[in-house]
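The structure under discussion appears below in the form of structure tokens.
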Amino acid sequence: MITRTINAFNRCTTNNAINHSNSIRNLLMDENCPHVVIIGSGLAGLAAAELLSTCKEKVRVTILEANNRVGGRIFTRRLQDNSPIELGAQWFHGKVGNPLYDIAAKSDIATRKSSYNDRFYTENETIAEQSVGDSANDYFSSILERIYDRQLDDVPEHIQNVGQFLDVELKKYLDDIQDNFARAVSAKVFRYRDREESHTSGCSTLHDVHLRDFGEYLELEGGDLAVIGGYDKVLQTIIDRIPKEVIRLNQMVVKIKSSDNNELNGNDHTTEAPVVVECSDGNVYKADIVICTVSLGILKNQAKVLFQPNLPAKKLDVIDRLAFGVVNKVIFYYEKPFWPKNQFRRLVFLWNDEIDDKNCGCKLPLEDDELWLKHVSSAHIILPCPNALLFWFVGEDAIRVEKLSEKQLSSYLTRVLKKFIVDKTIQEPDIVIRTKWHEDPYVRGSYSYVNTNACGKDIDVLAEPILDYQGRPLILFAGEATDRSYYSTAHGAYLSGQREANRILDTLQLEKKIQS
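Read in our numbering, the sequence shown has 56 at position 53, and its numbers run on one by one without any break.
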């Protein structure tokens, strides 16, 4: 029985940012100090402000955040015991070269390498031969590594997407297995891994992902790390480096108007500013330079009305072509977990057959409106909250999850658990937490990927600045979707913000001061 449900979308993290409700409608620039307006207070916007603020005597910085909280897709909820539950970014992806890991390490924020020690379940019983599942799992990973490393010279030209390539390579593996049971188990493991990789990439199916540009993404050394101390502490460390007056919450930008008739640092402010930013509450901010860090989801929805004049056609084209996936989480918290401690980190559900098979000859057959549950491929025991299970949903399933009530989600997913795990003590969770990233009006999705209609070069086009009449940056773009090597990641967002801040400092010929 559910004793308490929480709609995570409507909750806010606690931070020290100040909500500046300014009654002045015309917020003028300092006469002798260039004004940089940053749109969005996710990691990209904060990273840019953090670096620019080291030159605060020579550059004035303002962050405009539409939401009533700072952090964007970094969103941590604290349970009653203060355990962090990550509603947004879940991990650090790598150590070496990851600025977020460096921040955590220097701030004594605990991290731990994530373990993917899987326990495989069929619809009837736990797999007796765990090694069969492990071998199939390892083979799938080796094929992904081949794609990442771009070892694709012998791949026929007609194979254009990741799903096609996996279909061919995995069939070879299955055809070499003589034992029927082992072959069936391996096929189920492959289906599970396909869904898990879809969650990671943010796509509904790997057939949507460009094969030859999949390797654009670079993995940092060190593996995935759980942020035991909580991503909110990393976020707060960054916020503490930015003057409080810089961040203005509840400032929804509705128009970015640019003019190329003024000098970049605008000593004569009697004329129109190079960029004018209008907010929904009537506030107007004049700027010399704007850094736009809104998500690709927002650009897809608003780019054609947000900018005046319109963005260049080539930038609008790549905004349309690049994909922005929807990934949501459902978290079950149990005061008394039903699983043994410290034996495995992930429960893997190996469904018998394809989606159109309702009964499979198994217990708890699915009804027609429950067939989507066959896409539930696993439940993660998450760190640092060992009493919680995390379910991932992507694409249409992620959108469906947003429309269901917490009570329905509790019932549906408990049904899945009972279908696979022979344990009569399994009850519905005590707390249900779910995310709604597609409905979030400030994000409209989760993260980007390179689909079959796009390529890595499109990311570079998205990142290109809009220049003034003298060829100097006027409107800049940052965010995870603008980083060709680290798109879809938190560190990619952070690095992109630093990239654009450095572009401004180079233009203004100011000394960069990296904070320790």
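Ideal Cβ positions, reconstructed from N, Cα and C, are used throughout, including at glycine. No experiment lies behind these values; they were computed from the predicted model shown.
With distances taken between CA atoms, Phe396 lies nearest to Gly328 out of Asn345, Asp433, Ser138, Gly328. Sixteen is the threshold: since fewer than 16 other Cβ atoms of the shown chains lie within 10 Å of the Cβ of Lys174, the residue is exposed. In the three-state DSSP reduction, Phe327 falls in the strand class (E or B).
Per the coordinates, the alpha-carbon of Thr208 lies some 21 Å from the alpha-carbon of Val188. Inter-residue distance for Gln239 and Leu477 is about 29 Å (C-alpha atoms, whole angstroms). If you look at Leu511, you'll find it isn't in any beta strand (DSSP E); it sits in the alpha helix (DSSP H) that goes 493 to 511. Each residue's CA atom was taken as its position, placing Leu55 and Thr485 some 19 Å apart.
A straight line joining the alpha-carbon of Leu49 with that of Tyr337 spans about 35 Å.
Beta-bridge pairing by DSSP links Lys260 to Val279, Gln311.
With respect to the 8 Å criterion, Leu376 and Ile334 are not classified as neighbours on the basis of their beta carbons.
Counting C-beta pairs closer than 8 Å gives three or more between the stretch 482 to 497 and the stretch 210 to 221, which meets the contact rule. In chain order, Leu513 place their CB closer than 6 Å to the CB of Lys61, counting only its own chain and leaving out the 5 sequence neighbours on each side. Unbroken beta strand (DSSP E) runs of no fewer than 3 residues, entirely contained in the stretch 370 to 422, are found at 381 to 384, 391 to 397, following chain order. Restricting attention to Asp179, Thr492, His213, the CA atom closest to the CA of Phe168 is found in His213. The beta carbons of Leu67 and Ile88 sit no closer together than 8 Å. DSSP, read as helix, strand or coil, puts Ile245 in coil. Two segments are said to touch when three or more pairs of C-beta atoms, one from each, lie closer than 8 Å; by this definition the stretch 227 to 236 does not touch the stretch 175 to 186. The criterion of a C-beta distance shorter than 8 Å is not satisfied by Phe423 and Tyr119. Thr57: not part of any alpha helix (DSSP H); DSSP gives it neither H nor E. Buried is the label assigned to Lys191, since at least 16 other Cβ atoms lie within 10 Å of its Cβ. Following the DSSP letters along the chain, one finds Asp461 in no beta strand (DSSP E) but inside the alpha helix (DSSP H) bounded by residues 459 to 466. Following the DSSP letters along the chain, one finds Val435 in no alpha helix (DSSP H) but inside the beta strand (DSSP E) bounded by residues 434 to 437. About 3 Å separates the CB atoms of Gly45 and Gly75; that is less than 8 Å, so the two are in contact. Around Lys421, the same chain offers Ile429 as residues with beta carbons nearer than 6 Å, after the five sequence neighbours per side are excluded. For the 8 Å CB-CB criterion, Ala481 and Ala47 form a contact. Cα atoms of Ser117 and Gly226: separation of roughly 8 Å, rounded to the nearest angstrom. Arg502 and Ser138 have their C-alpha atoms roughly 42 Å apart. Here Asn164 is not near Ala326, since their CB atoms are 8 Å or more apart. Counting only runs of at least 4 residues, the stretch 134 to 181 fully encloses the following alpha helix (DSSP H) elements, listed from N- to C-terminal order: 165 to 178. Asp211 is positioned such that its CB atom lies no closer than 8 Å to that of Cys458. The shortest CA-to-CA distance from Ile301 to any of Phe352, Ala382, Ser451, Ala92 is the one to Ser451. Non-local beta-carbon contacts of Val257 in its own chain, meaning distances under 7 Å to residues more than five positions away in sequence, involve Glu281, Cys282, Ser283 in chain order. Exposed is the label assigned to Glu275, since fewer than 16 other Cβ atoms lie within 10 Å of its Cβ. Beta-bridge annotation (DSSP): Tyr104 is not paired with any residue.
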